[in-house]
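Engineer: Numbering (my numbering), first residue to last: 849 to 1441.
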Amino acid sequence: MCGIVGCILKTNKAAPVLLDCVQRLEYRGYDSVGIATCSSSGIRIKKDRGKIDEVSQKLQLDELPGEMGIGHVRWATHGLPTQENAHPHTDCEGKIAVVHNGILENYKELKDRLEREGHHFTSQTDTEVIAHLIEKYHKQGLSLEEAMNQTIDKLHGSYAFAVISSDEPNKIMGVRKESPLILGLGDGEYFLASDAPAILQHTRKIIYLADHETFIMDDEGVTVKDRDGKVVDKKIENIKWTPEMAQKGGYDHFMLKEIHEQPKAVKNTLFEVSEIEKIVSKFPEFKRITFVACGTSYHASMVGKYLFEGLLGLPTDVMLASEFEFAADALDPESLVIFISQSGETADTLKALKIANKKAETLAIVNVLGSTATREADHVIFTRAGPEIGVAATKTYISQLTCIYLLVACMGRKKWLLEQLQNIPDCMEEVLSYEDEIRKMADKYKDSNDFFFIGRGFSYPTAMEGALKLKEITYIHGEGYAAGELKHGPLALIDDEVPVVAVVPPGKSHDRTLSNVEEVNARGARVIALGASDDDVLNFEAHDMIKFPPEISELLSPLIYVVPLQLLSYHISVARGIDPDKPKNLAKCVTVE
Ligand code: M6R
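(1) Could you check how far apart the C-beta atoms of I1012 and I918 are, in whole angstroms? I think they sit under 8 Å.
(2) Can you find a heavy atom of the ligand M6R that lies under 8 Å from the Cβ of A1240?
(3) Give me the Cα-Cα distance between V1365 and P1273, rounded to the nearest whole angstrom.
(4) In the DSSP output, which residue or residues are listed as bridge partners for H1227?
(5) Can you check whether the CB of K861 is closer than 9 Å to the CB of V881?
(6) Could you give the DSSP three-state label for L1378: helix, strand or coil?
(7) So the beta strand (DSSP E) C855 belongs to, where does it begin and stop?
(8) Hey, which unbroken runs of the alpha helix (DSSP H) at 4 residues or more fall wholly within the segment 1226-1259?
(9) Which partner residues of N1086 appear in the DSSP bridge assignment?
(10) Can you name, in chain order, every residue of its own chain whose Cβ lies under 7 Å from the Cβ of V1422, other than the five neighbours on each side?
(11) Quick one: give me the first and last residue of the alpha helix (DSSP H) that G942 is part of.
(12) Using the three-state DSSP reduction, which class does S887 fall into: helix, strand or coil?
(13) For the ligand M6R, is there any heavy atom lying closer than 8 Å to the beta carbon of G1218?
(14) With a Cβ-Cβ cutoff of 9 Å, do L866 and G854 count as a contact?
(15) I want to check one thing, is the minimum distance from the CB of K840 to the heavy atoms of the ligand M6R below 8 Å?
(16) How about T1164 and G1152: do their beta carbons lie closer than 9 Å?
(17) Which of the three DSSP states is assigned to T973 in this structure?
(18) Quick one: does the C-beta of G1143 sit closer than 8 Å to a heavy atom of the ligand M6R?
(19) Starting from L958, trace the alpha helix (DSSP H) in both directions and tell me its first and last residue.
(20) Does F1172 come out as helix, strand or coil in the three-state DSSP assignment?
(21) Spatial neighbours of L859 within its chain, please: CB distance less than 6 Å, with the 5 preceding and 5 following residues excluded, ordered by chain position.
(22) Pull up the distance between the alpha-carbon of H980 and that of T1194, whole angstroms please.
(23) Please give the ranges of any alpha helix (DSSP H) in the segment 1320-1370, keeping only runs that are unbroken, at least 4 residues long and fully inside the region.
(24) Closer than 6 Å by C-beta to A1241: which residues in its own chain qualify, once you throw out the five before and the five after it? Chain order, please.
(25) By how many angstroms is the C-alpha of E932 removed from the C-alpha of D1343?
(26) When we look at the beta-carbon of T970 and count the other beta-carbons within 10 Å, is it buried (16 or more) or exposed?
(27) Find out if the Cβ-Cβ distance for the pair V1375, V1349 is shorter than 9 Å.
(28) Taking 8 Å as the line, does the beta carbon of T1244 fall inside it for any heavy atom of the ligand M6R?
(29) Thinking C-beta only, is I1020 closer than 9 Å to I1054?
(30) Which same chain residues end up closer than 7 Å to Q972 when comparing Cβ atoms and leaving out the 5 residues on each side of it in sequence?
(31) Between which two residues does the alpha helix (DSSP H) carrying V1011 extend?
(32) Measuring alpha carbon to alpha carbon, tell me which of K1262, V1072 and Y1146 ends up nearest L1040.
(33) With distances taken from CA atoms, which of S888, A1331 and I1137 is nearest L1255?
(34) What's the C-alpha gap between E1224 and P1309?
(35) Look up L1269 in the DSSP assignment and say whether it is helix, strand or coil.
(36) Nearest to T975 by CA position, among G1077, E941 and V946, is which residue?
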């Protein structure tokens, strides 16, 4: 949801560096882009609506003078994606420029007051008030830092912003509150970004800012202060992610690369078992488990319910983070509340985490080191998927699932489960080798307008996740449904125009889902079945079948059966001429409620 970057360099090359940094952050928003640099001739800005490559070609974003500057990629919240609304935004005189990620809830009243005082606004954004407020206080005689602090006192909402001013052309200042912001320390050069992949090629020495911390960077270093203005001695983390991990590595898209990285993501996450054992050893006896998450992470949580109830006999709820506050009153204090989030910055999830922290023990399963969720939860488990750039979650879903299986195995002392998990990476490699077949299938079905995805038990979350992938990157309507529910309404929609993807691994749910396949077949649907290679009856019923090694049990099937569904959506997306890495209206990290 918008990405901000900034740098102070030793050379006059800030603009090309900022352009490179925003390009690496494009997964956070791609409605518009802008860069501002500051030099002896003042602040210069280039910005426009559109994807970064288009805008850069048109405006030559990398051709601005200066050793320092700020940049922004936008996911529009206030105001249409237009040139005027693109960041950076400035004060009346163009002497202060700001980039911002977040939402200012009280911007209207601030803007009205500033306009009455004579300030002239040029955009419909909430962000512009920051530049004008700093201008106002600076003109009253406060230093830029004091003016920024006064401004922060007036803002309600979430924000990470960075400011430059031609009055102090060697400095970048900023703050973080409820929106991610990191600082990077290079060799006499300094960086800031919403997320680490933006600056990995320059430094892996990172400072994670906490809420309400402000920073000032100049060519001598970085100072961080708390909300009372006291200097904070921040820990410098050396992150293990490499620049290569955040590049396409020969694949056409990040999403495809990330799908193929899944066996490795599982392997790396399996190494977390000893950390998980340590965490589990500190647990009291829980009476209930509650999972809270959004989107794909919610689907991983659904698998968690079947595992905790089925293998540990622990009653388990799964809640959408955005709905959590409406039901949290009944939270059992003897519950463990598990938050699943790739980014650790999803606004809905963080809000729910704050509520749960007051009532029960919390555990966050997160991919991004240093993210807010990792600082707020009582316990943290890291998924070891590496950076995920494609907007559609793939390898991080698989790593989340792996963590949940490991957690259940450790809490229930199920050694057999740990052993079975070791086979998953090889099975996954085998399934990935079906890609050509799936590409052909994608060609066959790419023009359909609606899909259904059905499954029962462990296969229900797989169906939901298959449908979500289809919707977000192909723009085709896809519905994930519990197979048994079809006859209670949606069957009315089934005809020969609607492909039905049926997830039917061998196991308890098999025969009943097979009956549902027969029901949709009888209504003329084209069935794409996912099942064991020796399942002849299913093969007979299906128009197309994706065949899996028969030894993959229903219990482990969520880790494997979802992989061809990711590939199917990916290839349909490409066949329809869509960029699967940057689906319209979406952003990787949803930092607004
Ligand atoms: O970072 P999180 O896991 O908290 O994000 C939650 C959802 O926004 C995310 O899973 C979203 O649904 C994905 N783009 C789906 O592919």
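In this text, a Cβ means the ideal position worked out from N, Cα and C, and glycines have one as well. The structure presented is a predicted model; accordingly, all values stated were derived computationally and were not measured.
Structural biologist: So, from the listed chains and residues:
(1) Within the sequence shown, the letter at position 164 stands for residue 1012. Within the sequence shown, the letter at position 70 stands for residue 918. Between I918 and I1012 the Cβ distance is about 6 Å, and since that is below 8 Å, they are a contact.
(2) Indexing the sequence shown from 1 puts residue 1240 at position 392. For A1240, the shortest separation between its Cβ and any heavy atom of the ligand M6R lies below 8 Å.
(3) What you label residue 1365 is simply residue 517 of the sequence shown in a count that begins at 1. What you label residue 1273 is simply residue 425 of the sequence shown in a count that begins at 1. Approximately 29 Å between the Cα atoms of the pair.
(4) For the purposes of this step, residue 1227 is taken as residue 379 along the sequence shown, with counting starting at 1. Per DSSP, L1211.
(5) In the sequence shown, the residue the question calls residue 881 occupies position 33. In the sequence shown, the residue the question calls residue 861 occupies position 13. No. Outside cutoff.
(6) If you number the sequence shown from 1, residue 1378 lands on position 530. Taken through DSSP and simplified to helix, strand or coil, L1378 comes out as strand.
(7) One-based indexing of the sequence shown puts residue 855 at position 7. Per DSSP, C855 belongs to the beta strand (DSSP E) from G851 to I856.
(8) For the segment 1226-1259, the full-length alpha helix (DSSP H) segments reaching 4 residues or more read 1243-1259 along the chain.
(9) Locating residue 1086 in the sequence shown gives position 238, where the first residue counts as 1. The partner list for N1086 (beta bridge, DSSP) reads K1053.
(10) Sequence index remark: in the sequence shown, residue 1422 carries index 574 (1-based). Counting only residues of its own chain and dropping the five nearest sequence neighbours on each side, V1422 has a CB closer than 7 Å to the CB of P1428.
(11) Counting from 1 along the sequence shown, the entry for residue 942 is found at position 94. For G942, no alpha helix (DSSP H) run applies, since DSSP gives it neither H nor E.
(12) The residue labelled residue 887 in the question sits at position 39 within the sequence shown. Residue state for S887 is assigned as strand, using DSSP reduced to three classes.
(13) For the purposes of this step, residue 1218 is identified with residue 370 of the sequence shown, where counting begins at 1. Every heavy atom of the ligand M6R is 8 Å or more from the Cβ of G1218, so no.
(14) Counted from its first residue, the sequence shown places residue 866 at position 18. Counted from its first residue, the sequence shown places residue 854 at position 6. In this structure, G854 lies closer than 9 Å to L866 by Cβ.
(15) Outside the modelled stretch of the chain, which goes from 849 to 1441, sits residue 840, for which no answer is possible.
(16) Looking up residue 1164 in the sequence shown gives position 316. Looking up residue 1152 in the sequence shown gives position 304. Cβ distance < 9 Å, so T1164 and G1152 count as in contact.
(17) Taking the first residue of the sequence shown as position 1, residue 973 is located at position 125. For T973, the three-state secondary structure derived from DSSP is coil.
(18) Position 295 of the sequence shown, counted from the first residue, corresponds to residue 1143. At least one heavy atom of the ligand M6R sits closer than 8 Å to the Cβ of G1143.
(19) Mapped onto the sequence shown, residue 958 falls at position 110. That run of the alpha helix (DSSP H) goes Y955 to R964.
(20) Working through the sequence shown from its first residue, we reach residue 1172 at position 324. In the structure shown, F1172 sits in a helix (DSSP, three-state: H, G or I).
(21) Here residue 859 is taken as the residue at index 11 of the sequence shown, counted from 1. The question names Leu, yet the displayed sequence has Thr at residue 859. Cβ within range, chain order: n/a, list empty.
(22) Numbered from 1 along the sequence shown, position 132 holds the residue referred to as residue 980. Numbered from 1 along the sequence shown, position 346 holds the residue referred to as residue 1194. Taking the straight line from one Cα to the other gives about 29 Å.
(23) Taken in chain order, the complete alpha helix (DSSP H) segments of 4 or more residues contained in the segment 1320-1370 are 1358-1370.
(24) As a first step, residue 1241 is located in the sequence shown; it is residue number 393 there, counting from the start. Cβ within range, chain order: T1144 and Q1190.
(25) For the purposes of this step, residue 1343 is taken as residue 495 along the sequence shown, with counting starting at 1. For the purposes of this step, residue 932 is taken as residue 84 along the sequence shown, with counting starting at 1. In a straight line, the C-alpha of D1343 is about 48 Å away from that of E932.
(26) Here residue 970 is taken as the residue at index 122 of the sequence shown, counted from 1. Counting C-beta atoms within 10 angstroms of its own C-beta, T970 has fewer than 16 neighbours from the protein chains shown and is therefore classed as exposed.
(27) The count along the sequence shown starts at 1 and reaches residue 1375 at position 527. The count along the sequence shown starts at 1 and reaches residue 1349 at position 501. Contact: yes.
(28) Translated into the one-based positions of the sequence shown, residue 1244 becomes position 396. Taking 8 Å as the cut-off, the C-beta of T1244 counts as close to a heavy atom of the ligand M6R.
(29) Sequence index remark: in the sequence shown, residue 1054 carries index 206 (1-based). Sequence index remark: in the sequence shown, residue 1020 carries index 172 (1-based). The criterion of a C-beta distance shorter than 9 Å is not satisfied by I1054 and I1020.
(30) Taking the first residue of the sequence shown as 1, we reach residue 972 at position 124. Correct list, in chain order: H926, G927 and N933.
(31) Taking the first residue of the sequence shown as 1, we reach residue 1011 at position 163. Run containing V1011: none in the alpha helix (DSSP H); it sits in the beta strand (DSSP E), G1005 to S1013.
(32) Here residue 1040 is taken as the residue at index 192 of the sequence shown, counted from 1. Per the Cα distances, V1072.
(33) Your numbering for residue 1255 matches position 407 in the sequence shown. For L1255, the closest alpha carbon among the candidates S888, A1331 and I1137 is that of I1137.
(34) What you label residue 1224 is simply residue 376 of the sequence shown in a count that begins at 1. What you label residue 1309 is simply residue 461 of the sequence shown in a count that begins at 1. C-alpha separation (whole angstroms): 27 Å.
(35) Translated into positions along the sequence shown, residue 1269 becomes position 421. Three-state DSSP puts L1269 in a helix.
(36) Position 127 of the sequence shown, counted from the start, is the residue given in the question as residue 975. Taking only the C-alpha atoms, the option nearest T975 is V946.
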